[in-house]
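So the structure is just underneath, and the comments pick up after that.
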Amino acid sequence: MRPKVISDSLKDVAEGEQCGAGKGWTMSLPRCPMVRLRVCRFTFRGLVFFTVAVALLYGFLLMDGARSAGKPPWLEINTCSPRNNVAFLKTHKCASSAIQNILFRYGDKHNLHFALPVTGNYFGGGRHIFEAGMVRFSPFNKVTPNIFAIHTKWNYEEVKKVMPEDTVYFTIVREPTALFQSLFDYASIGERAGGLTLDEYVRRNLIDASRTDGYVGYNQMTWDLGMPLEDMSNLTATRELVRRADAQFGLVLVAERMDESLVLLAKYLCWELRDVLVLRVNSLRDEFKSSISEESRQALQQRLAPDYLLYNHFLEKFDQQVEAFGRRRMAAEVARLRELMALLVSKCNFVRKEASGLTGRQKPRSYKVDGFVAARGGEACGLFTIANPIYLDLLKEKQRRELLNGTQQAPSR
Ligand SMILES: *[C@@H]1O[C@H](CO)[C@@H](O)[C@H](O)[C@H]1NC(C)=O
Ligand SMILES: *[C@@H]1O[C@H](CO)[C@@H](O)[C@H](O)[C@H]1NC(C)=O
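Sequence positions in the sequence shown follow the numbering used here and run 5 to 417.
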């Protein structure tokens, strides 16, 4: 047994090393305050000694890591370079617009190529499961895309066909009752069913209720992950779906744990924390939120059994990944993320506004959500406030221009 004091300082060193994974020490130092304090006191000789010690501990910890089952390779101490090839399943009402917004800005900034649908913001319009042809025959896609971040009914095998070999896959889940409540109001499910309140809707509609517009309804995550209509209430099929999804997605974020999710996402993609800063976009305004009785809530939980299977599985997995990342290290990274966000907010002076009070690029499609304007900071700040559907149109326009003038580049691999 190692004495506690030593094992603690081992951990700090290891955390410091992990902090700057792939960016080298110089760049990692400012990102790791705990280590910076230590290192600054060192002389050059001390630094050499320190480096050797770290290398030894490094090997030791890797052995240690190999023993801890279930730790994904991207959480190991290693070097990495930023991922440019990324596929994200955009689940409905799971804070996925915020993630999409992050991917749009990152891809735009680095001139990456997006998989873009012929029309609208959906591959397959919700009813149709994704097929490779939806990208291949899109006039916006003449070369292999780097980023897949558009709504679709997920079909891993087909997405794989259009994405580069080294693409990393991830998605996001949300507590199923909260998700359905939000979806119910956002997509006007009750109104469309003849003016039902949430309580009435839940009472009258069992698990196999028909889907609004053919795709919106109970167990939306199970649906989005590709479950065929006939198996929507089949828990055996759901377990199989969860097992497949578990193998397909290297990371599954959790909407209730957004800060930790963003930290893990940055780590997973080997991006900087500042790359995952985002405003709380497309979130339903309180005045549009239906109330629900305790009785209906319990009934709703039964209707959502498949989504609960899925959610509970990935919540547990998320917890394990946070554990593997290190609780203390996570707390420090979350604090740093919040600090960066606070700096951004003070630089840009974002103002949240009702959709009806907004025009142009900032106006969200739905009148039930807020948008943002940046009161200062120019274009750098303005990019954070462009509503996703409008950003999507801008990306289409950019790729169309690139096609016309022949500057569309083969994607970086
Ligand atoms: C439920 O799904 C399982 C696995 O896909 C399948 O074998 C079974 O036939 C399904 N049950 C029904 C009632 O459709
Ligand atoms: C081609 O289009 C891209 C994207 O709009 C633009 O950045 C680039 O300057 C254009 N090149 C030429 C030669 O027009």
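Just so it is clear, CB atoms sit at the ideal spot from N, CA and C, and this is done for glycine as well.
Computed from a predicted model, the values in this text were never measured in an experiment.
- prompt: Given Leu-266, which residues of its chain have a CB within under 7 Å of its CB, disregarding the five upstream and five downstream residues?
  reply: Here residue 266 is taken as the residue at index 262 of the sequence shown, counted from 1. Closer than 7 Å at the Cβ level, and outside the excluded window around Leu-266, lie Val-280 and Leu-341.
ask   = Looking at C-alpha atoms only, which residue of Gly-218, Gly-375 and Asp-250 is the closest neighbour of Ala-197?
value = As a working note, residue 197 is residue 193 in the sequence shown. When each option's Cα is compared against that of Ala-197, the closest is Gly-218.
**OP:** Note down, in chain order, each residue of its chain lying with its Cβ closer than 8 Å to the Cβ of Met-236, except the 5 sequence neighbours on either side.
**Re:** As a position in the sequence shown, residue 236 is number 232, starting the count at 1. So the list reads Ile-211, Asp-212, Tyr-222, Asn-223, Thr-226, Trp-227 and Pro-310, once near-sequence residues are dropped.
Collect the residues with a C-beta less than 6 Å away from any heavy atom of ligand 1 and give them in sequence order along the chain. Cβ-based neighbours of ligand 1 within the cut-off: Asp-235, Asn-238, Thr-240, Ala-241 and Glu-244.
Note to self: Could you check whether Arg-365 and Ile-394 sit closer than 7 Å to each other, using their CB atoms as the reference points?
What the structure shows: Locating residue 394 in the sequence shown gives position 390, where the first residue counts as 1. Locating residue 365 in the sequence shown gives position 361, where the first residue counts as 1. Contact flag set, yes.
#### Entry: Neighbour-count burial assignment, Leu-299, 16 or more Cβ in a 10 Å radius
For this step, residue 299 is matched to residue 295 along the sequence shown. It should be pointed out that residue 299 corresponds to Glu in this sequence rather than to Leu. Counting Cβ neighbours within 10 Å, Glu-299 comes out exposed, since fewer than 16 surround it.
Self-check item: Complete beta strand (DSSP E) runs within the stretch 225-288 (minimum length 3 residues, chain order)
Solution: With a minimum length of 3 residues, the continuous beta strand (DSSP E) runs that stay inside the stretch 225-288 are 255-258.
- [ ] Give every residue of the same chain whose Cβ lies closer than 7 Å to the Cβ of Phe-134, excluding the five residues on either side of it in the sequence, and list them in chain order.
- [x] Within the sequence shown, the letter at position 130 stands for residue 134. Cβ within range, chain order: Phe-127, Gly-128, Thr-156, Lys-157, Trp-158, Asn-159, Glu-162 and Val-163.
Review point. Is the beta carbon of Val-177 sitting closer than 7 Å to the one on Tyr-272?
Key: Working through the sequence shown from its first residue, we reach residue 177 at position 173. Working through the sequence shown from its first residue, we reach residue 272 at position 268. No. Outside cutoff.
### Query
Closest to Leu-399 by CA distance: which of Leu-120, Lys-75 and Phe-376 is it?
Locating residue 399 in the sequence shown gives position 395, where the first residue counts as 1. Ranking the options by Cα distance to Leu-399, first place goes to Leu-120.
Between Ala-153 and Val-282, is the Cβ-Cβ spacing less than 7 Å?
In the sequence shown, counting from the first residue as 1, residue 153 sits at position 149. In the sequence shown, counting from the first residue as 1, residue 282 sits at position 278. Taking 7 Å as the Cβ cut-off, Ala-153 and Val-282 do not qualify as a contacting pair.
By DSSP, does Asp-374 sit in helix, in strand, or in coil? By 1-based counting over the sequence shown, the position of residue 374 is 370. Strand, per DSSP.
Cβ of Leu-255 versus every heavy atom of ligand 4: is any distance shorter than 6 Å?
-> Among the ligands in the structure shown, ligand 4 does not appear; only ligand 1 and ligand 2 can be found there.
Q: Tell me whether Tyr-173 sits in a helix, a strand or coil according to DSSP, three-state version.
A: Mapped onto the sequence shown, residue 173 falls at position 169. Here Tyr-173 sits in strand by DSSP.
Open item on the list: So, under 8 Å CB-CB, Val-389 and Ala-378 are touching, yes? Tell me the CB distance rounded to an integer number of Å.
Closed with: The residue you call residue 389 lines up with position 385 of the sequence shown. The residue you call residue 378 lines up with position 374 of the sequence shown. According to the sequence provided, residue 389 is Thr. The question's Val does not apply to it. Going by Cβ atoms, the distance from Thr-389 to Ala-378 rounds to 5 Å, so yes, they are a contact pair.
query: Which residues does DSSP pair with Leu-93 in a beta bridge?
result: Here residue 93 is taken as the residue at index 89 of the sequence shown, counted from 1. Bridge partners of Leu-93: Thr-175.
- Would you kindly work out how many angstroms separate the C-alpha atoms of Phe-253 and Glu-291, rounded to a whole number? For the purposes of this step, residue 253 is identified with residue 249 of the sequence shown, where counting begins at 1. For the purposes of this step, residue 291 is identified with residue 287 of the sequence shown, where counting begins at 1. Roughly 35 Å between the two C-alpha positions.
| In whole angstroms, what is the alpha-carbon distance linking Phe-108 and Leu-396? | Mapped onto the sequence shown, residue 108 falls at position 104. Mapped onto the sequence shown, residue 396 falls at position 392. In this structure, the straight-line span from the alpha carbon of Phe-108 to that of Leu-396 is close to 8 Å.
Which two residues bound the contiguous beta strand (DSSP E) that contains Lys-357?
Translated into the one-based positions of the sequence shown, residue 357 becomes position 353. Residues 354-358.
Counting pairs of Cβ atoms below 8 Å between the stretch 367-382 and the stretch 322-342, do you hit three or more?
-> They do not touch, by the three-pair rule.
Would you call the stretch 327-336 in contact with the stretch 240-252, where contact means no fewer than 3 C-beta pairs closer than 8 Å?
no
Report task. Inspect the beta-carbon positions of Ala-241 and Leu-79 and report whether they are closer than 7 Å. Result -> Counting from 1 along the sequence shown, the entry for residue 241 is found at position 237. Counting from 1 along the sequence shown, the entry for residue 79 is found at position 75. Not in contact: Ala-241 and Leu-79 (Cβ atoms no closer than 7 Å).
Considering only the beta carbon of each residue, do Pro-255 and Phe-188 sit closer than 7 Å?
To locate residue 255, count along the sequence shown from 1; it is residue 251. To locate residue 188, count along the sequence shown from 1; it is residue 184. The amino acid occupying residue 255 in the given sequence is Leu; Pro does not appear at that position. No; because the gap between Cβ atoms is not below 7 Å, this pair is not in contact.
Glu-383, buried or exposed, once every other Cβ within 10 Å from all chains shown has been counted against 16
What you label residue 383 is simply residue 379 of the sequence shown in a count that begins at 1. With fewer than 16 Cβ atoms within 10 Å of its Cβ, Glu-383 is classed as exposed.
Requested in this report: Kindly give me the distance between the Cβ atoms of Phe-322 and Arg-261, rounded to whole angstroms, as I take these residues to be in contact under 8 Å.
Outcome: Locating residue 322 in the sequence shown gives position 318, counting from the first residue. Locating residue 261 in the sequence shown gives position 257, counting from the first residue. Yes, Phe-322 and Arg-261 are in contact; Cβ-Cβ is about 7 Å, under 8 Å.
Is the CB-CB distance between Cys-274 and Pro-86 below 7 Å?
Walking along the sequence shown from the start, residue 274 turns up at place 270. Walking along the sequence shown from the start, residue 86 turns up at place 82. Closer than 7 Å, so yes.
>> Please state the DSSP three-state secondary structure of Val-220.
In response: Counted from its first residue, the sequence shown places residue 220 at position 216. Note: Val-220 maps to strand in three-state DSSP.
**Prompt:** Cβ of Gly-111 within 7 Å of Cβ of Phe-118?
**Reply:** Locating residue 111 in the sequence shown gives position 107, where the first residue counts as 1. Locating residue 118 in the sequence shown gives position 114, where the first residue counts as 1. A distance below 7 Å separates the beta carbons of Gly-111 and Phe-118.
Q) Alpha carbon to alpha carbon, how far is Ala-182 from Gly-410? A) For the purposes of this step, residue 182 is taken as the residue at position 178 of the sequence shown. For the purposes of this step, residue 410 is taken as the residue at position 406 of the sequence shown. When rounded, the distance between both Cα atoms is 46 Å.
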